[in-house]
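Below is one structure, written out as structure tokens; the observations come after it.
Residue numbers (this note's numbering): 467 to 569.
Spelled out as structure tokens, the structure:
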């Protein structure tokens with residue numbers, strides 16, 4: 467999982483960030499730095515075993531983690547939901563705009 471930080475009221479979509487950077491460079495200005503970090507890091511240890519570790523914005527580990535079969539199930543569901551969203555986007559262009567925070 468990932469998280470993005472931006473100024474209050476700013477557009478948080480990656481495409482808006484990229485467009486703003488292009489405009490800033492065209493004006494000879496320094497583009498605003500993209501703040502990006504993950505919420506968790508996942509490690510597969512086979513089909514039935516995984517480790518999901520919560521991390522800080524700088525990627526250093528936190529105390530909370532999920533291990534074993536429950537972690538493997540959570541990781542598999544995350545992968546499947548990504549595939550489902552990609553299929554939805556292919557069948558219905560623009561559908562993901564209806565889901566806040568996705569596109």
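Ideal placement from N, C-alpha and C gives every residue a C-beta, glycine not left out. The structure displayed is predicted, hence computed values, not measured ones.
Local conformation of residue 503 per DSSP, three classes: strand
Proximity to residue 505 [Cα-Cα], best of 514, 516, 520: 520
Endpoints, alpha helix (DSSP H) assigned at residue 526: Taken as a continuous stretch (DSSP letters only), residue 526 belongs to no alpha helix (DSSP H), as it is neither H nor E.
Under the three-state DSSP convention, the category residue 485 falls into: helix
7 Å CB neighbourhood of residue 537 in its chain, flanking five on each side removed: 516, 517, 518
Identity of the residue in 514, 507, 532, 534 nearest residue 522 by Cα: 507
Residue 551 - DSSP class collapsed to helix/strand/coil: helix
Whole-angstrom C-beta distance between residue 486 and residue 497, which should lie under 8 Å: 7 Å
Cut-off 6 Å between Cβ atoms - residues of its own chain near residue 551, not counting five sequence neighbours on either side: none
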